[in-house]
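Protein chains in written order, with the working numbering: chain A, 63 to 412; chain B, 63 to 412. Every residue, glycine too, gets a C-beta built ideally from N, C-alpha and C. Here the structure is a predicted model, which is why all the values come from computation and not from measurement.
Protein chains: 2
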Amino acid sequence: MVTIRDVAKASRVSTASVSIVLNNAPLARHVAAATKERILRVAKEMGYRPNVLARSLRRQNSHTLGILTFDIRDPFCTGVLEGAFEAMYAVSYLPFVADVRNERKRFEQYLEMLLERRVEGLLVIANWLFMDIDLLNDLAQNKIPTVIVGTLMPQSGVPTVITDNEAGGYAAMEHLYALGHRKIAFLRGPRMLTDAALRWRGVRAFARSRKLRLEPKLVLDLPSLPDPFSGFEAGKHLTGQLLHQNRRFTALLAYDDMTALGAIRALVQSGLSVPNDCSVVGFDDIAPAALGTPALTTVRQPLERLGSVAVDTVLKAIRAVKDKTLHGVARQPLVIVPELVVRETTGPRG
Amino acid sequence: MVTIRDVAKASRVSTASVSIVLNNAPLARHVAAATKERILRVAKEMGYRPNVLARSLRRQNSHTLGILTFDIRDPFCTGVLEGAFEAMYAVSYLPFVADVRNERKRFEQYLEMLLERRVEGLLVIANWLFMDIDLLNDLAQNKIPTVIVGTLMPQSGVPTVITDNEAGGYAAMEHLYALGHRKIAFLRGPRMLTDAALRWRGVRAFARSRKLRLEPKLVLDLPSLPDPFSGFEAGKHLTGQLLHQNRRFTALLAYDDMTALGAIRALVQSGLSVPNDCSVVGFDDIAPAALGTPALTTVRQPLERLGSVAVDTVLKAIRAVKDKTLHGVARQPLVIVPELVVRETTGPRG
DNA sequence: TTGTACGCGTTATCAG
DNA sequence: CTGATAACGCGTACAA
């Protein structure tokens, strides 16, 4: 590997000059044009690549962020990741990504590894499972700028970027109501989950505004399970239950897309048609939502936007720390408005 | 940030002793137990975290791999990633992941960034788009151990890990044939794509073995488009075309799941039922395949396995370079056997 | 333009 | 046996 010293020797100047010229530092103005050119040429010829490790050591920054995901296969994660990557690319930061797989041990080990690598900031793409495990402390301990994306941790104190769940729930209800649905079944999220509570609040808010009564027997709660794809099974199972009890409903609002997809499976397997016999609405707009037939109507979380806003927030915090302008990051969660995507699983009341 | 010097001072020993003890180096045997304990305790109390940048600089290794993905949202990528992460976690390597988004410029920039960061090896999760752009040279240039996953680049010279496409094609045909299907439509992959060619070869091999004639009019080729999700649209469009021409077929074998999902959409929208009127088989077994209704029958690529094998291969190559045992990595592509997953989109000929 | 101390941990060599 | 000293890896930045 060719070092800056090699280049210096070959160009017959000092390493200082090489560094100055290659970085186009202010002092480069005082370097003779001919010398500059020579250095540039030699460096290229020799295929010199500065060692970022050494640079980071010296500059005390790594141009690196750590991203902790709860499950890389979850489309929610990858959506956020895409946005995060984009924002990082724009400022030439590189991400370490660590897939926690919903395991506490991994979370802690990865966190340690990332800190040892001197990442400048941390992004945590979370789901409800991050709740049980009180890793929040681990996060709060380290002074390093951190942002949580995707779910609201009660009193975590960590800056958060989320979708406006309440608005989403409201919009979904509005849509179903407009189509004439009055008997609506709900597959709510796990009870302790803040997001679930907020979505439900949006639903209730809408119902109140239209004096629509929500039938308690049509409201079921998802258990909180560790596997993200288990949402599918849960949705299928709960819907099957509803069907088994002969409950009447013409529409179903699911906690998220995975749940909705499971619900559809149960409906179709019972010989019902979606949306003719029952409309279904999801939440998230993960990739599979659009790929199934019929395509899922859902409340789209602006995943890429969540990711990029989160990165911007972390970067801002990093700068704030550097400049010691302590009025760094907003304490309030950053809330991003979702968007209803009407596709094929909803239709007028049959 | 607390450094090794701080710990040394606080434990009243030299930095050397601290390093030796904390790393449990061979020399640690010669350190008095009491001293050891003191160092350990002080280090923990002070929350000392070794600076991996400095360590890497000294040891001339980074314990880091670079992973280039063509599109982080593609379920194929994330499947491979999961396996890769797992294998890396086992040896405490951390991945930089760079999402190329099928853009040449990004590929080159990221590649440069990764090399500057002294990643020890490179993993390229590729799809057909990596073909057009002759980035292979860029890869071959750098001496750094590299493995390509997921698609076979003709004469690239870069070690590759792939699924046995031919076996997969064969298995899919076998399944359809056993169900009684004889009029089978094919949505082949892009013509220049090696994987597509191999799958097709598997199909033909089976047909020959049963003296089954393949109707040329039922064989269509996908265009090669840049967006991974475009496979869906292409599948839908080509199937629509087939239907429009009133071609008779009782089963359809798609290039991959995305294509298959698109085909199903077209079939259902034409009033046909899957699998009653037409069976459909995909290839890959990406997550959405199992989530749709009906669930897709498909040839599963062992994605995690591809990822972990790829990482193991890179690590092996890294070690080979270090030990200068030049008989490093196999020149032959590593081929992993796929598995037919029978779900709901295939049934006996109607 | 250059010399050189510095950032931080590792390890070979040396002294007690 | 026990521990310290110092060179090293590489690029940066300031004084000269």
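For isoleucine 134(A), the chain B residues whose C-beta falls within less than 7 Å of its own C-beta are Thr140, Leu143, Glu144 and Phe147, listed in chain order. For leucine 280(A) and leucine 241(A), the gap between their C-alpha atoms comes out near 19 Å.
Cα atoms of arginine 91(A) and lysine 71(A): separation of roughly 21 Å, rounded to the nearest angstrom.
Judged by DSSP secondary structure, arginine 270(B) falls within the alpha helix (DSSP H) whose first and last residues are 256–271. The Cβ atoms of glycine 297(B) and leucine 249(B) sit closer than 8 Å to each other. Bounds of any alpha helix (DSSP H) do not take in alanine 357(B), whose DSSP letter is neither H nor E. Contact check for threonine 225(A) against isoleucine 398(A) passes: the beta carbons are separated by less than 8 Å. Taking CB atoms only, valine 383(B) has no neighbour in chain A less than 8 Å away. DSSP places glutamate 182(B) in the coil class of the three-state scheme, outside both helix and strand.
CA-CA distance, alanine 116(A) to glutamate 99(A), rounds to 24 Å.
If you draw a 10 Å sphere on the C-beta of threonine 387(B), you find fewer than 16 other C-beta atoms in it, and that means exposed.
Secondary structure of serine 341(A) (DSSP, three-state): strand.
Inter-residue distance for arginine 411(B) and aspartate 283(B) is about 24 Å (C-alpha atoms, whole angstroms). Nearest neighbour of aspartate 200(B) by Cα position, chosen from Ser218(B), Val211(B) and Thr213(B), turns out to be Ser218(B). Listed as beta-bridge partners of phenylalanine 158(A) by DSSP are Gly128(A) and Phe158(B).
The beta carbon of valine 159(B) sits closer than 8 Å to some beta carbon of chain A. Shown here, threonine 225(B) sits in a strand according to DSSP, grouped into three states. With at least 16 other beta carbons inside 10 angstroms of its own, aspartate 161(B) counts as buried. Arginine 393(A) sits in coil when the DSSP states are folded into three classes, being neither helix nor strand.
If you look at phenylalanine 248(A), you'll find it in the beta strand (DSSP E) that goes 246–250.
The Cβ atoms of isoleucine 380(A) and proline 137(A) do not sit closer than 8 Å to each other. Contact annotation: proline 285(B) and proline 252(B) have beta-carbon atoms nearer than 8 Å. Between the beta-carbon of glycine 344(A) and that of threonine 360(A) there is about 4 Å, and that keeps the pair under the 8 Å contact cut. Secondary structure at isoleucine 206(A): coil, using DSSP grouped into helix, strand and coil. Distance from the CA of valine 209(B) to the CA of tyrosine 172(B), rounded to the nearest whole angstrom, comes to 16 Å. The continuous alpha helix (DSSP H) containing glutamate 99(B) extends over residues 95–108. By the Cβ criterion, the segment 147–163 of chain A is in contact with the segment 121–129 of chain A, since at least three pairs of Cβ atoms, one from each stretch, lie closer than 8 Å. By the Cβ test, the segment 261–276 of chain A is in contact with the segment 231–240 of chain A, since at least three Cβ pairs between them sit closer than 8 Å. Per DSSP, the unbroken beta strand (DSSP E) holding aspartate 283(B) starts and ends at 281–283.
Taken through DSSP and simplified to helix, strand or coil, valine 336(B) comes out as coil. With 16 or more neighbouring CB atoms inside 10 Å of its own CB, methionine 215(B) falls in the buried class. The contact set of phenylalanine 294(B) on chain A, defined by CB atoms closer than 7 Å, consists of Leu353 in chain order. Chain B has no Cβ within less than 8 Å of the Cβ of isoleucine 206(A). Counting every other CB atom within 10 Å of its CB across the protein chains shown gives proline 88(A) a total below 16, marking it as exposed.
Within chain B, the C-beta atoms nearer than 8 Å to that of serine 124(A) come from Leu115, in chain order. By the beta-carbon neighbour count (other beta carbons within 10 angstroms, threshold 16), glycine 369(B) is buried.
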